[in-house]
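Residue numbers (numbering that gives the first Met the number 0), protein chains in the order written: chain Z, 0 to 391; chain B, 0 to 374.
Cβ coordinates follow ideal geometry from the N, Cα and C atoms, glycine included.
Note that the coordinates shown come from a computational prediction; the quantities given were computed from them, not determined experimentally.
See below for the structure under consideration.
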Amino acid sequence: MAGVGLSATDAPRVAVWRDVRILRGALQVGFVVGVVALGVWLVSNLTTNLDRLGIRSDFEFLGAPAGFRILGSDFEASGTIREALIVGITNSIRVAVIGMILALLLGIVVGVARLSQNWLIARVASGFVELLRNVPPLVLVIVFYQVTLEVLPRIQDAAVSNGFLFSNRGVWIPWVTLGEGSRTYLAVLLAGLAAAIVVARARRARFERTGEPARAGLLATATFLVVAGVGWLVLDPPITPSLPVLDGRLVEGGASLYPEYLSLLLAMVLYTASFIAEIVRGSIQAVPKGQTEAADALGLSPGQRLRQVTLPQALRIAAPATGNEFLNLTKNVSLGVAVGYAELLRVAQTATGNGQPAPQSLSLVLLGYLTLSIIISLVVNVANRRLQLVER
Amino acid sequence: MRKRNVRLASVALAAGLVLAACGGEEEAAEAPAESTESGSEETVTVEPAQDGGSLLAAVQERGTLKCGVNTGLPGFAAPEGDTYVGFDADYCRAIAAAVLGDAEAIEWIPLSASARFTALQSGEIDVLIRNTTWTATRDGSEGASFAVTTFYDGQGMLVDTDSGFDSISDMAGTTVCVQAGTTTELNLETYFAAAGLAYEPLVFEDNDQLQEAYYAGRCDGWTSDLSQLAAFRGTWPAEQGGTESVKILSDVMSKEPLGPLTSDGDTEWFDVVQWVTFATIQAEEFGITQGNVDSLVASTDPEANPGIGRFLGLVADFDPGLGLDAEWAVRVIQAVGNYSEIYERNVGPDTALGLPRGVNSLWTEGGLLYAPPFR
Numbered sequence: 000m001a002g003v004g005l006s007a008t009d010a011p012r013v014a015v016w017r018d019v020r021i022l023r024g025a026l027q028v029g030f031v032v033g034v035v036a037l038g039v040w041l042v043s044n045l046t047t048n049l050d051r052l053g054i055r056s057d058f059e060f061l062g063a064p065a066g067f068r069i070l071g072s073d074f075e076a077s078g079t080i081r082e083a084l085i086v087g088i089t090n091s092i093r094v095a096v097i098g099m100i101l102a103l104l105l106g107i108v109v110g111v112a113r114l115s116q117n118w119l120i121a122r123v124a125s126g127f128v129e130l131l132r133n134v135p136p137l138v139l140v141i142v143f144y145q146v147t148l149e150v151l152p153r154i155q156d157a158a159v160s161n162g163f164l165f166s167n168r169g170v171w172i173p174w175v176t177l178g179e180g181s182r183t184y185l186a187v188l189l190a191g192l193a194a195a196i197v198v199a200r201a202r203r204a205r206f207e208r209t210g211e212p213a214r215a216g217l218l219a220t221a222t223f224l225v226v227a228g229v230g231w232l233v234l235d236p237p238i239t240p241s242l243p244v245l246d247g248r249l250v251e252g253g254a255s256l257y258p259e260y261l262s263l264l265l266a267m268v269l270y271t272a273s274f275i276a277e278i279v280r281g282s283i284q285a286v287p288k289g290q291t292e293a294a295d296a297l298g299l300s301p302g303q304r305l306r307q308v309t310l311p312q313a314l315r316i317a318a319p320a321t322g323n324e325f326l327n328l329t330k331n332v333s334l335g336v337a338v339g340y341a342e343l344l345r346v347a348q349t350a351t352g353n354g355q356p357a358p359q360s361l362s363l364v365l366l367g368y369l370t371l372s373i374i375i376s377l378v379v380n381v382a383n384r385r386l387q388l389v390e391r
Numbered sequence: 000m001r002k003r004n005v006r007l008a009s010v011a012l013a014a015g016l017v018l019a020a021c022g023g024e025e026e027a028a029e030a031p032a033e034s035t036e037s038g039s040e041e042t043v044t045v046e047p048a049q050d051g052g053s054l055l056a057a058v059q060e061r062g063t064l065k066c067g068v069n070t071g072l073p074g075f076a077a078p079e080g081d082t083y084v085g086f087d088a089d090y091c092r093a094i095a096a097a098v099l100g101d102a103e104a105i106e107w108i109p110l111s112a113s114a115r116f117t118a119l120q121s122g123e124i125d126v127l128i129r130n131t132t133w134t135a136t137r138d139g140s141e142g143a144s145f146a147v148t149t150f151y152d153g154q155g156m157l158v159d160t161d162s163g164f165d166s167i168s169d170m171a172g173t174t175v176c177v178q179a180g181t182t183t184e185l186n187l188e189t190y191f192a193a194a195g196l197a198y199e200p201l202v203f204e205d206n207d208q209l210q211e212a213y214y215a216g217r218c219d220g221w222t223s224d225l226s227q228l229a230a231f232r233g234t235w236p237a238e239q240g241g242t243e244s245v246k247i248l249s250d251v252m253s254k255e256p257l258g259p260l261t262s263d264g265d266t267e268w269f270d271v272v273q274w275v276t277f278a279t280i281q282a283e284e285f286g287i288t289q290g291n292v293d294s295l296v297a298s299t300d301p302e303a304n305p306g307i308g309r310f311l312g313l314v315a316d317f318d319p320g321l322g323l324d325a326e327w328a329v330r331v332i333q334a335v336g337n338y339s340e341i342y343e344r345n346v347g348p349d350t351a352l353g354l355p356r357g358v359n360s361l362w363t364e365g366g367l368l369y370a371p372p373f374r
């Protein structure tokens with residue numbers, strides 16, 4: 000530090016090229032210039048080469064008709080490439096979001112089970128973890144796909160029961176058809192939800208003030224049901240149930256879960272759950288022993304101890320690491336390519352295979368997954384901040 | 000502390016400068032490299048005119064033909080020991096026989112679909128015979144010249160024999176497995192949309208996954224090039240019912256003409272490749288086969304039969320100026336036989352592929368094969 004002090008006091012005697020502050024500044028400027036120059040060079044190189052090969056480097060192809068169809072969507076061949084890519088990323092999100100929810104639930108259950116004092120439960124849970132986390136996810140996806148195709152009956156022998164239809168072309172579940180007034184009805188439902196929240200708040204405020212029993216949940220639910228019921232009667236059932244019906248090799252009605260989707264989702268959930276289980280286990284063990292002892296001293300049952308004392312603290316510890324697993328899951332969705340699931344990468348590859356420019360298509364895939372990951376990252380960070388213990 | 004900072008700063012600054020300089024330098028270096036590249040391209044195109052040798056002379060001097068083939072496609076180019084067998088491979092042999100007098104003087108260069116044009120442009124191979132579809136874009140912008148088509152392929156549909164489908168028009172409401180590739184999905188959509196048929200496409204990157212899905216009944220049809228479908232049908236595993244359990248519908252959804260390619264700008268070499276291909280077609284038209292070519296050479300009277308005489312190199316003053324000796328066509332037929340023999344041996348009805356001649360018949364039999372006259 001003496002050196003810096005010296006240069007500060009005897010500034011005139013230090014040459015410019017030896018002044019640390021100037022050098023530091025120059026270093027940073029130089030670095031930025033270097034990075035920008037490299038970037039400019041790479042981009043100009045790419046565009047030059049594309050021009051020479053007669054390949055377009057703009058994004059106008061996004062507005063061109065796609066010319067192909069996408070399995071499991073209403074996308075028509077006359078739709079644009081942009082719409083096709085949006086279908087692709089929607090499909091990616093469908094696996095990622097549902098996968099995250101299921102993986103989290105399963106991961107917590109397995110993580111807790113690993114610490115069970117029941118020998119069998121603990122062994123089964125650790126077997127689950129060791130088996131799944133040590134297999135590459137691509138292998139899991141392919142294996143589950145084969146199994147789904149083999150286990151479910153062919154479409155000709157499809158099993159139909161209670162509105163469900165099972166075949167290896169997909170599993171169809173009862174669904175609803177939205178009628179004309181359905182949008183208005185959705186607004187009614189949202190209004191009902193808002194009314195319910197208002198009621199709940201008012202009841203809670205009254206409880207704070209007077210100490211009367213709030214019954215917030217009960218009254219809020221009642222409010223919602225009344226609004227929903229009145230809306231239903233006024234708008235005349237805008238929503239009708241739709242059951243799958245087999246017609247030759249086509250299934251009409253219902254909602255379908257394709258084997259490609261099922262096997263990818265299953266692989267993602269099980270693979271990620273095995274990691275989350277380990278995080279949960281570690282986090283539970285990281286809760287100070289004193290907390291457990293205190294809970295015991297208060298006479299809480301083991302179940303209460305887990306739910307009220309250990310888990311709330313463990314999940315706080317687990318949150319950041321679990322966020323990482325969510326990111327991994329989202330990125331692994333691109334493995335759906337192997338089984339023909341139409342996620343973003345599959346759609347982009349179909350487009351490039353049919354004459355659309357590869358550099359732009361693939362950079363959009365990059366951007367799509369990057370955006371998804373960043374959004375998840377942000378959500379996890381916000382959740383993490385809100386979960387943190389507020390120390391007073 | 001201060002010294003260290005200064006040193007650190009100067010190192011980093013130097014690194015930054017080098018980085019920046021690198022960008023500049025390489026950019027600068029790239030421009031001349033590019034110009035020399037285009038320059039050398041020009042010289043390549045000019046060279047043949049200067050010394051009259053072109054690739055033909057280079058190949059003859061080298062003593063081997065560098066032939067680019069598929070890495071493995073049964074019936075067309077499949078590795079067997081050190082060599083390749085198949086329809087495409089036989090055309091490599093035919094060229095080697097004509098140019099070098101030895102049908103086995105070939106350096107086999109297996110190429111992936113994405114590497115093939117680069118290999119041709121860079122001169123890594125002399126000729127590319129790798130089931131490559133002739134399209135305007137490829138002809139125009141890949142720096143390649145397509146010689147006459149040796150195999151008229153098209154996108155077809157493979158279905159179960161007991162499926163009850165006799166043509167694509169029966170396939171309303173089905174799921175079709177698609178092998179991802181150039182325009183496969185587009186052809187499928189165009190064809191089904193034109194026929195007004197509802198269907199669902201299931202696209203696979205990988206053939207093995209597609210085949211497993213088809214076995215399991217995930218899809219009703221499998222679409223790809225007819226020749227490829229025939230190859231898969233020919234090797235259909237017995238535990239899945241064997242070859243007879245699947246059939247290929249007669250509908251053809253697209254035009255896929257396949258043939259040999261040479262590099263742009265070398266017309267002399269292109270002519271040689273072109274006429275070797277024509278020779279196999281012309282031989283079939285003349286009825287010249289691997290079995291009778293030697294006896295025909297001995298017995299043909301060029302006076303009475305000038306057409307066959309010229310083909311066999313028996314007419315003394317006939318030289319088409321291809322830069323080859325008089326007996327080149329004879330050597331081609333001795334080595335691989337005529338078109339019909341090449342076809343029947345590799346992909347015809349008696350092979351595993353079992354492809355009927357169809358449009359790949361002589362023009363005299365209603366097909367598309369037509370060789371210009373040898374005179």
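Open item on the list: Just checking: is the beta-carbon of Z/Tyr-368 within a distance shorter than 9 Å of some beta-carbon in chain B?
Closed with: Interface with chain B (9 Å Cβ-Cβ cutoff): Z/Tyr-368 is excluded.
Open item on the list: Would Z/Ala-294 and Z/Ile-107 qualify as a contact pair, given that the criterion is a beta-carbon distance under 9 Å?
Closed with: No. Outside cutoff.
Open item on the list: Using C-beta distances below 7 Å, list every residue in its chain close to B/Arg-309, excluding the 5 sequence neighbours before and after it, in chain order.
Closed with: Cβ neighbours of B/Arg-309 beyond the five flanking positions: Phe-317, Phe-373, Arg-374.
- [ ] Using the Cα positions of Z/Ala-157 and Z/Leu-344, report the straight-line distance between them to the nearest angstrom.
- [x] Here the C-alpha atom of Z/Ala-157 lies approximately 31 Å from the C-alpha atom of Z/Leu-344.
Task: chain B residues whose Cβ lies nearer than 9 Å to that of Z/Glu-82 - done: Near Z/Glu-82 there are no residues of chain B at all, since even the closest Cβ is about 15 Å away, more than 9 Å.
Task: Selection from B/Ile-108, B/Gly-336, B/Ser-360 that minimises the alpha carbon distance to B/Asp-89 - done: Per the Cα distances, B/Gly-336.
Open item on the list: Between which two residues does the beta strand (DSSP E) holding B/Cys-66 run?
Closed with: From DSSP, the beta strand (DSSP E) with B/Cys-66 extends over 64–69.
Open item on the list: I want to verify the contact list: residues of chain Z whose CB lies under 7 Å from the CB of B/Asp-205, in sequence order.
Closed with: Think of a sphere of 7 Å around the beta carbon of B/Asp-205: the chain Z residues whose beta carbon falls inside it are Ala-337, in chain order.
Open item on the list: To be precise: take each residue of the stretch 194–220 of chain B, compare its Cβ to all Cβ atoms of chain Z, and keep it if any distance is under 9 Å. Which residues remain?
Closed with: Taken in chain order, the members of the stretch 194–220 of chain B whose beta-carbon sits within less than 9 Å of a beta-carbon on chain Z are Ala-197, Tyr-198, Glu-199, Pro-200, Leu-201, Val-202, Phe-203, Glu-204, Asp-205, Gln-208, Leu-209, Glu-211, Ala-212, Tyr-214, Ala-215, Gly-216, Arg-217, Cys-218, Asp-219.
Task: B/Ile-105 - containing alpha helix (DSSP H), residue span - done: Per DSSP, B/Ile-105 belongs to no alpha helix (DSSP H); it is in the beta strand (DSSP E), 105–110.
- [ ] Taking only beta-carbon positions, decide if B/Ala-192 is within less than 9 Å of chain Z.
- [x] Chain Z contact via Cβ: present.
Task: Nearest to B/Thr-136 (by Cα), restricted to the options B/Gly-122, B/Glu-284, B/Phe-116, B/Tyr-151 - done: Check the Cα spacing between B/Thr-136 and each of B/Gly-122, B/Glu-284, B/Phe-116, B/Tyr-151: the tightest is with B/Phe-116.
Task: Boundaries (first-last residue) of the beta strand (DSSP E) holding B/Val-147 - done: Neither: B/Val-147 is in no beta strand (DSSP E) and is coded neither H nor E.
TODO: Using a Cβ-Cβ cut-off of 9 Å, state whether Z/Leu-265 counts as contacting chain B.
DONE: No, Z/Leu-265 does not count as interfacial toward chain B.
TODO: Check each residue of the stretch 338–354 of chain Z: if its Cβ is closer than 8 Å to any Cβ of chain B, include it; give the result in chain order.
DONE: Answer set for the stretch 338–354 of chain Z: Val-338, Gly-339, Ala-341, Arg-345, Gln-348, Thr-349, Gly-352, Asn-353, Gly-354.
TODO: Tell me whether the beta-carbon of B/Val-331 lies closer than 9 Å to the beta-carbon of B/Leu-311.
DONE: B/Val-331 places its beta carbon 9 Å or farther from that of B/Leu-311.
Open item on the list: Using a 10 Å radius around the Cβ and a threshold of 16 neighbouring Cβ atoms, would you call B/Trp-221 buried or exposed?
Closed with: When all chains shown are included, B/Trp-221 counts as buried.
TODO: Spatial neighbours of Z/Thr-349 within its chain, please: CB distance less than 7 Å, with the 5 preceding and 5 following residues excluded, ordered by chain position.
DONE: Excluding residues within five positions, the ones whose Cβ falls inside 7 Å are Phe-67.
Open item on the list: With a threshold of 9 Å between beta-carbons, can B/Ala-143 be considered close to chain Z, or not?
Closed with: It does not; no Cβ of chain Z falls within 9 Å.
Task: Same chain, Cβ closer than 7 Å to B/Thr-242, five either side skipped, listed in chain order - done: Here the set comprises Arg-232, Gly-233, Trp-235.
TODO: Can you tell me which of B/Asp-250, B/Val-98, B/Ala-215 puts its alpha carbon nearest to the alpha carbon of B/Leu-228?
DONE: With distances taken between Cα atoms, B/Leu-228 lies closest to B/Asp-250.
TODO: Give every residue of the same chain whose Cβ lies closer than 7 Å to the Cβ of B/Gly-347, excluding the five residues on either side of it in the sequence, and list them in chain order.
DONE: Leu-354.
TODO: Run the CB neighbour count on B/Glu-79, radius 10 Å, all protein chains shown included, and call it buried at 16 or more, exposed below.
DONE: So B/Glu-79 counts as exposed.
TODO: Rounded to whole angstroms, what's the CA-CA distance from Z/Ala-215 to Z/Ala-193? Just pull it up for me.
DONE: Rounded to the nearest whole angstrom, the C-alpha separation of Z/Ala-215 and Z/Ala-193 is 14 Å.
TODO: Indicate the three-state DSSP secondary structure (helix, strand or coil) for B/Pro-305 in the structure shown.
DONE: Three-state DSSP puts B/Pro-305 in a helix.
Task: Among B/Thr-149, B/Pro-73, B/Leu-209, nearest to B/Gly-258 - alpha-carbon criterion - done: Among B/Thr-149, B/Pro-73, B/Leu-209, the Cα nearest to that of B/Gly-258 belongs to B/Thr-149.
Open item on the list: Short of 8 Å Cβ to Cβ, which residues in the stretch 127–149 of chain Z face chain B?
Closed with: Along the stretch 127–149 of chain Z, going in chain order, the ones with a CB nearer than 8 Å to a CB of chain B are Ile-141, Tyr-144, Gln-145, Leu-148, Glu-149.
Task: the stretch 139–152 of chain Z / the stretch 299–318 of chain Z touching (three or more Cβ pairs under 8 Å) - done: Flag = no, the stretch 139–152 of chain Z and the stretch 299–318 of chain Z do not touch.
TODO: With DSSP as the reference, please indicate the residues paired to B/Phe-203 in a beta bridge.
DONE: Residue pairing from DSSP places B/Phe-203 in a beta bridge opposite B/Gln-178.
Open item on the list: So the candidates are Z/Leu-105, Z/Trp-40, Z/Ile-172, Z/Val-346; which of them puts its Cα closest to the Cα of Z/Glu-82?
Closed with: Selected option, being the one with the closest Cα: Z/Val-346.
Open item on the list: Using CA atoms only, rank isn't needed, just tell me which of Z/Ala-254, Z/Glu-324, Z/Thr-329, Z/Arg-12 is closest to Z/Asp-73.
Closed with: Of the residues Z/Ala-254, Z/Glu-324, Z/Thr-329, Z/Arg-12, the one whose Cα lies closest to the Cα of Z/Asp-73 is Z/Ala-254.
TODO: Just the chain B side, please: which residues come within less than 7 Å of Z/Arg-68 by C-beta, in chain order?
DONE: Those are Glu-188, Pro-200, listed as they occur along chain B.
TODO: State the Cα-Cα distance for the pair Z/Arg-182 and Z/Leu-151, rounded to the nearest angstrom.
DONE: If you take the alpha carbons of Z/Arg-182 and Z/Leu-151, they lie about 36 Å apart.
Open item on the list: Using a 10 Å radius around the Cβ and a threshold of 16 neighbouring Cβ atoms, would you call B/Trp-268 buried or exposed?
Closed with: So B/Trp-268 counts as buried.
TODO: Work out the CA separation of Z/Pro-240 and Z/Asn-161 for me, nearest whole Å.
DONE: Going by the C-alpha atoms only, they are around 13 Å apart.
Open item on the list: With three or more C-beta pairs closer than 8 Å as the rule, is the stretch 98–109 of chain B touching the stretch 282–292 of chain B?
Closed with: Short answer: they don't touch.
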